[in-house]
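All remarks here apply to the structure that follows.
Residue numbers (the working numbering): 8 to 395.
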């Protein structure tokens, strides 16, 4: 069971037989967890284990989505999408608190991409599929202006028209410019990954070349996450807060390091759910085949982000955007292999929160964390009085 795996990890991480803990001055523990995946009983069992087995004297649990908000400094409402290997958690955060009744847990993740890649690349082994997915030549293409392959080449189910390509380009510009993978630049005359018919990655010293398949395998995941986001936010009754969430989409988890994946999800949301601006009597018909979805997306930049500007008659979403990353902590902007990456920003949020609650070395009022006295008095159920 999942709970025993978590407890085993905690035990091995904090108990070292070769270095017994005297417990004279134990370290406090803050556990960051996606609460959507843990039952109430599991959280209380972890709390019991921390005090009775690890014998720590200070403990609290922080929801991963709230930790993300702390790390990014998001003060407005947001939606946190944690894309793991086995599952994806989608959690709206309103007023600094996770809205669990609106949250979704999807049984898709990094494994979904691997399953799709195995179908189109049966000649590759399991390990080679994983290596390809993690390599810098594997990406999701949404701007095909200078690409070797067109959308029709990559889409195995249906063709898309030129208007959708234009929307993709706008989404890319709005939510971050996508630079192609830079592997084998010496062999490829400096061309970007998307401009090449084939590109290669190294596995066990072997050079493996891949064609258009390196741009495929993500659509099933993108579709599921897009549907899950809309379903989750449809459960947020306050339209102002719902729009704020659409304007502050946050994607975390190792799978989101795949180049272009976040922008592709935003594109899918825009194509399926973005509310188009209604035409007035005096409005001119669209010229030159410009899709009204493009006009609607372009107009979102003029719509205010603050609460109160939407009323009950508003239609949501009128805009869909990725959250803006802060300028502080520049080391988090580095690539993941250089000890950076915003995809793990919940660790930064956990550090900030832990310093706030544990830094004063006191627990006046008993509302910052559980200490030994509180646990002995109220038991593991006391965790619900302090956790976020």
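Note that CB positions come from ideal geometry on N, CA and C, so glycine has one too.
None of these values were measured; they are calculated from a predicted model.
Residue i - DSSP class collapsed to helix/strand/coil
{"i": "residue 109", "result": "helix"}
{"i": "residue 39", "result": "strand"}
{"i": "residue 387", "result": "helix"}
{"i": "residue 242", "result": "coil"}
{"i": "residue 323", "result": "coil"}
{"i": "residue 336", "result": "coil"}
{"i": "residue 76", "result": "helix"}
{"i": "residue 200", "result": "helix"}
{"i": "residue 137", "result": "helix"}
{"i": "residue 210", "result": "strand"}
{"i": "residue 84", "result": "coil"}
{"i": "residue 104", "result": "strand"}
{"i": "residue 364", "result": "helix"}
{"i": "residue 62", "result": "coil"}
{"i": "residue 131", "result": "coil"}
{"i": "residue 359", "result": "helix"}
{"i": "residue 378", "result": "strand"}
{"i": "residue 264", "result": "helix"}
{"i": "residue 228", "result": "helix"}
Start and end residues, beta strand (DSSP E) containing residue i
{"i": "residue 96", "result": "95 to 101"}
{"i": "residue 348", "result": "Residue 348 -> no beta strand (DSSP E), and no H or E assigned at all."}
{"i": "residue 214", "result": "213 to 217"}
{"i": "residue 256", "result": "256 to 259"}
When the options are compared against residue i, the one with the closest alpha-carbon
{"i": "residue 40", "options": "354, 392, 116", "result": "354"}
{"i": "residue 359", "options": "44, 42, 75, 47", "result": "75"}
{"i": "residue 258", "options": "126, 82, 230, 96", "result": "96"}
{"i": "residue 251", "options": "112, 201, 352, 327", "result": "327"}
{"i": "residue 204", "options": "276, 212, 221", "result": "221"}
{"i": "residue 234", "options": "208, 62, 277, 362", "result": "277"}
{"i": "residue 231", "options": "267, 212, 275", "result": "275"}
{"i": "residue 66", "options": "36, 118, 103, 80", "result": "36"}
{"i": "residue 98", "options": "142, 255, 54", "result": "255"}
{"i": "residue 332", "options": "324, 323, 350, 62", "result": "350"}
{"i": "residue 266", "options": "223, 240, 227", "result": "223"}
{"i": "residue 238", "options": "51, 42, 110", "result": "110"}
{"i": "residue 44", "options": "89, 64, 374", "result": "89"}
{"i": "residue 264", "options": "48, 142, 384", "result": "142"}
{"i": "residue 63", "options": "198, 376, 242", "result": "376"}
{"i": "residue 246", "options": "216, 131, 322, 107", "result": "322"}
{"i": "residue 129", "options": "217, 334, 240, 83", "result": "217"}
{"i": "residue 394", "options": "68, 105, 363, 46", "result": "68"}
{"i": "residue 361", "options": "126, 58, 70, 60", "result": "70"}
Buried/exposed call for residue i, threshold 16 Cβ in 10 Å
{"i": "residue 136", "result": "buried"}
{"i": "residue 244", "result": "exposed"}
{"i": "residue 392", "result": "exposed"}
{"i": "residue 77", "result": "buried"}
{"i": "residue 356", "result": "buried"}
{"i": "residue 225", "result": "buried"}
{"i": "residue 209", "result": "exposed"}
{"i": "residue 248", "result": "buried"}
{"i": "residue 337", "result": "exposed"}
{"i": "residue 116", "result": "buried"}
{"i": "residue 272", "result": "buried"}
{"i": "residue 382", "result": "buried"}
{"i": "residue 380", "result": "exposed"}
{"i": "residue 270", "result": "buried"}
Start and end residues, alpha helix (DSSP H) containing residue i
{"i": "residue 56", "result": "47 to 59"}
{"i": "residue 274", "result": "268 to 280"}
{"i": "residue 68", "result": "Not the alpha helix (DSSP H): residue 68 falls in the beta strand (DSSP E), residues 65 to 70."}
{"i": "residue 124", "result": "117 to 127"}
Residue i Cβ short of 7 Å to the ligand FAD heavy atom set
{"i": "residue 100", "result": "Looking for the ligand FAD in the displayed structure turns up nothing, as the structure carries no ligands at all."}
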